[in-house]
Amino acid sequence: MHSSSPTHPCCLRSVPLPLASAAGGRIFEATAGNTGLALALVAARRGYRLTVVVPDKMSDEKIASLRSMGAEVVLTRSDVGKGHPEYYQDLAERLAREAQEETGEPAVFINQFANPANPAAHFEGTGPEIWQQMGGRVDAFVAGVGSGGTLAGVGAFLRARNPAVELVLADPDGSILAPLVKSGSCGAAGSWLVEGIGEDFVPSNLDLKIVSSAYTVSDAEAFAAARQLLLLEGVLAGGSAGALLAAALRYCREQTAPKRVVTIVCDAGSRYLSKQFNDHWMAENGLVPRAKTGDVRDLIARRHLEGEDIWANPELPVDQAIRREQGRGTALKTPSAREKAATALGSWAGRGGAQTRPPRA
Ligand SMILES: Cc1ncc(COP(=O)(O)O)c(C=O)c1O
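For the sequence shown, UniProt numbering gives the first residue as 1, with consecutive numbering after it.
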């Protein structure tokens, strides 16, 4: 059922309680997309007007889904941090304040990062569900942090049942959270392409002290894991799920005794067909390892000799050429491209994918 929902389970659960306090008027939220989709679902049903502020690195598919569900989408910069007026959370809060001042009608900034309804929903919903499905035998829970609601809520529930449960953080390379867990300090946040997890601040919904251990996962490793999950298990999952899986696998390999380890498929990979499942996008972002030639060819993202570019010859009618250009970037276009990608990314069981650092998002 979850896979046919336009939202995704983690975020949908965190929505009803905050909405209960919205009491009419408008709703504003800062979101990587999925909380916005969950809000859009509920807002449409209840007749609220919803504005979501989304960093511009998020996938076209998520933005199109938000619009299709009636949300007003304000795209903002993804290269600025907390405190900057164009930072998505600061902007959403300001827009809510201004809307209320201008119209006198109530406008609620949901603020999933500090709203206690978010971890509470995971404490009451996701945690018990995991516990029940695992028959009360859970040794470790691996999660990422966007708002921190999943890790805080599920973590509190599992620890209440079994204080020995390990809470393992999977964090994108560039986020400040894993360095904070590992060493208690961190430098400035970097950038990463995985959507929905990783932070440049610690959300107040999450006490990082609950985290037992942390793994830093590169974009390349996260996307490789998500692609392998599809090819090997038939599960079409997003990049954050790939990061969680990669971290869970590393955690499992380090254990000396069998353990029951739980992680989450945070959202559907169909939201990223133009990104992590698109060979061209992967290549353009330096996420597919390639043999170096030591000359200018190293700078060419789409190589003609490998059939990666779009070309037209004088015999091709113009409308066909346009159609060809518009159809560019179709995910995993040919069997040979698919095979090539699978081979290039390697087997996760062997080496956990590539480690290339992509350019700034
Ligand atoms: C794709 C994806 N993965 C992971 C998360 C992280 O969940 P949380 O906000 O509970 O930390 C989110 C949250 O929006 C998400 O959209």
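Just so it is clear, CB atoms sit at the ideal spot from N, CA and C, and this is done for glycine as well.
Put simply, the backbone Cα of Leu-244 is about 46 Å away from that of Val-318.
Between Tyr-215 and Ala-241, the CB-CB gap reaches or exceeds 8 Å. At a Cβ-Cβ threshold of 8 Å, Ala-178 and Gly-81 do not count as neighbours. Under DSSP, the beta-bridge partners assigned to Asp-171 are Thr-216.
Our two residues, Asn-205 and Leu-287, have alpha carbons roughly 33 Å apart in a direct line.
When Cβ pairs closer than 8 Å are counted between the two stretches, the stretch 138-157 is seen to touch the stretch 106-117, the count reaching three or more.
At least one heavy atom of ligand 1 falls within 7 Å of the beta-carbon of Ser-240. With fewer than 16 other CB atoms across the displayed protein chains lying within 10 angstroms of its CB, Ile-322 is exposed.
Taking 8 Å as the cut-off, the Cβ atoms of Ala-268 and Ala-283 do not count as close. When the Cα atoms are used, Ile-110 and Arg-26 turn out to be separated by approximately 10 Å. As the crow flies, the alpha-carbon of Ala-44 is around 43 Å from that of Ser-185. Fully contained in the stretch 251-288 are the following beta strand (DSSP E) runs of length 3 or more, in chain order: 261-263.
Pro-116 is not bridged by DSSP to any residue. Pairing Met-58 with Ala-32 gives a Cβ-Cβ distance under 8 Å. The bridge partners DSSP lists for Ile-27 are Leu-50, Val-108. Rounded to whole angstroms, the gap between the alpha carbons of Ala-156 and Ala-312 is 59 Å.
Per the coordinates, the alpha-carbon of Asp-219 lies some 43 Å from the alpha-carbon of Thr-103. With a threshold of 7 Å, the Cβ atom of Gln-112 counts as near ligand 1, since some heavy atom of the ligand is closer than that.
Selection Ile-310, Asp-139, Arg-303 evaluated against Leu-158 yields Asp-139 as nearest (Cα-Cα).
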